[in-house]
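Order-wise, the sequence lines are chains A and B. The numbering used here numbers the first residue of the first sequence as 83 and each following residue consecutively. The numbering used here numbers the first residue of the second sequence as 466 and each following residue consecutively. Where is the CB? At the ideal position from N, CA and C, for every residue including glycine.
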Amino acid sequence: MLDLRERLQELADAATRDGTTPGPAHAIRRGRQHRRRIAAGVASLLLVAVVAGVAGTGQLGNQPSRPVTPATTPPPAPDPQERTDKRRSGSLEEDAFRQLTSELRKCPGGSSIRADLIGSVWSEKYQRLWMVAAKQPPAQGTRFCWTSGLFDATGNGSRWGARRVTSLTNPLTSVGGRSNSDPWVIEGRVSKEATRLQLRFWDGRAPMDLAIIKAGNGYPVDFYAGLFQQGPTSSQKGGWAAQTLTAFDAAGRTVATCRVGLRDDGTPKCPGN
Amino acid sequence: MADTEGFEEFYTATVGRLLGQLFPVTGDLHEAEEIVQEAFARASTRWSRLRDYDVPEAWVRRVAMNLAADRGRRLQRQTRALLRTGPSPAVPPASVEAMALVEALRTLPMHQRQAIVLHHLVDLPIEEVSATLGVPTGTVKSWLARGRRTLAARLGDPEEVRS
């Protein structure tokens, strides 16, 4: 069942969790810059009015009119919030990892804990690199932090905010997302028992195996990702083609299965994070 | 008393919530961040008056909603080609159901998105939504009904949509 309030709240929570704002001091500085710009604008208007008045008086006194020089105001200071081109030198992987490392600085421990490049996958079909990076738990800690991103060949792309894993009770988690020009990404973490992960769709297309990225002994889980396009599904299915995700172990037994589709078919919903 | 005394506490307490409320309106996290920061910058210049308001957050939200509408209008004036080649919207990870809602919200006109967010997420009564958006209550009701109908059609199960 569609619960508008619940889904809006989930979106709001995700934005609150992953959004970054430069802080109150920046807002105050920016406000002051606005004020200075407005003051400069008013001053220049006054100057124009005075010059125009003088010129007008001159005309009234039958003096030859002088051309009014446009008032000049200093250009506004560049806005420090303006985003810059993210393309940098070096390989795509280096570039992508650098971007993910920057996300991971938001994790507990800041930059004192090294970020690990867990792995990446390149999609020939979509010409996109998906990469996952993480930070191991601090000493005596069990929580770890991970992030991922989808990049095009120039290193531009979307990266998710750092996600803190506080509970390992779910053997399979899933989040999805996309940017306008990108394919849809479905990704998450999966129990180390899993050797195969299959995504099933509503719309009759063949199931798709998703890439499992082994995280090694430093992490209690592995990660996965898959890219796909929505099909021309009926509006009843919300245009969202994916439905269930199932993890299998090496013997082909089901480790976990959960729903990633919009319709509730009785399969439990995949938790996020 | 300094002009900005208390502003930092106000900012820290409310910025996350406002960002969460603006994201469903813009559909782009970076855009929402930029708008919220701009609204707070404007609030900082009027803080000596705003801090005496009962709910200064409502003022910031109103400014942010107006900024979002302005940007929406600017985007509409751009050509489709520009939109196609422009930067991709940033979206935080969320459940696939929530992501489908982002996509569906993007298809709504800005005023319907704003009304839906203010009423269904911020929990404002119709009268306050009307005051925030500067339109009559009947218009808000109509925007809400149309918005919900479109969302239901795009997300499925129209008969099951509940607010």
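Taking the beta carbon of S509 (chain B) as reference, the chain A residues within 7 Å of it are A109, I110 and G113, listed in sequence order.
The C-beta of D100 (chain A) has 16 or more other C-beta atoms within 10 Å across all chains shown, which makes the residue buried. For the stretch 580 to 598 of chain B, the residues whose beta carbon sits under 7 Å from a beta carbon of chain A are, in order, V582, H585 and L586.
The residue among A:E269, A:A288, A:V303 and A:V257 with its C-alpha nearest the C-alpha of E275 (chain A) is A:V303. Taking all protein chains shown into account, K217 (chain A) has 16 or more neighbouring C-beta atoms within 10 Å of its C-beta and is therefore buried. Here the alpha carbon of A288 (chain A) sits roughly 17 Å from the alpha carbon of T339 (chain A). With its beta carbon at least 8 Å from every one in chain A, A610 (chain B) lies outside the interface. Classified as exposed, Y518 (chain B) has fewer than 16 neighbouring CB atoms from the shown chains inside 10 Å of its CB. Under the Cβ criterion (8 Å, minimum of three pairs), the stretch 607 to 617 of chain B counts as touching the stretch 571 to 583 of chain B. Using a 10 angstroms sphere on the CB of Q181 (chain A), the tally of other CB atoms reaches 16 or more, which defines it as buried. For chain A, the residues of the stretch 478 to 490 of chain B that bring a beta carbon within less than 8 Å of one of its beta carbons are V480, G481, R482, L484, G485, Q486, L487, F488 and P489, in chain order.
Under the DSSP assignment, R241 (chain A) falls in the beta strand (DSSP E) whose first and last residues are G239 to R241. Within the same chain, T229, R241, G243 and A244 come within 7 Å of E185 (chain A) by CB-CB distance, once the 5 residues on both sides are set aside. Our two residues, A235 (chain A) and V267 (chain A), have alpha carbons roughly 17 Å apart in a direct line. Look at the stretch 296 to 340 of chain A and you find no whole run of alpha helix (DSSP H) that is 4 residues long or longer. Annotated as distal: A332 (chain A) and L281 (chain A), with beta-carbon spacing of 8 Å or more. In the three-state reduction of the DSSP assignment, L86 (chain A) falls in the helix class.
For T229 (chain A), the enclosing beta strand (DSSP E) covers residues F226 to F233. For E522 (chain B), not one C-beta of chain A is nearer than 8 Å to its own C-beta. For I581 (chain B), the enclosing alpha helix (DSSP H) covers residues M575 to I581. Among the residues facing chain A, P557 (chain B) is included, as its CB has a counterpart in that chain under 8 Å away.
Rounded to whole angstroms, the Cβ separation of A569 (chain B) and L609 (chain B) is 15 Å, and the two are not in contact under 8 Å. By the criterion of at least three beta-carbon pairs nearer than 8 Å, the stretch 596 to 606 of chain B is not in contact with the stretch 495 to 508 of chain B. At least one beta carbon of chain B lies nearer than 8 Å to the beta carbon of A96 (chain A).
Exposure of T251 (chain A) is indicated by the presence of fewer than 16 other C-beta atoms within 10 angstroms of its C-beta. Nearest CB-CB separation between P220 (chain A) and chain B: not below the 8 Å threshold. Taking a Cβ-Cβ cut-off of 7 Å, the neighbours of T469 (chain B) in chain A comprise I110, given in sequence order. Contacts between P106 (chain A) and chain B, judged by CB atoms closer than 9 Å, involve T469, F472, E473, E474, F475, Y476, T477, V480, F505 and S509 in chain order. Distance check between G201 (chain A) and each of A:H108, A:F305, A:L174 and A:F233 places A:F305 closest, using alpha-carbon atoms only. Taking CB atoms only, E498 (chain B) has a neighbour in chain A less than 8 Å away.
T479 (chain B) has its alpha-carbon roughly 15 Å from the corresponding atom of L586 (chain B). Residue contact check for A565 (chain B) against chain A: a CB pair falls below 8 Å.
When DSSP states are grouped into helix, strand and coil, K217 (chain A) belongs to the strand group. Neighbours of L494 (chain B) in chain A, taken as residues whose beta carbon is under 8 Å from its own, are A97, D100 and G101 in chain order.
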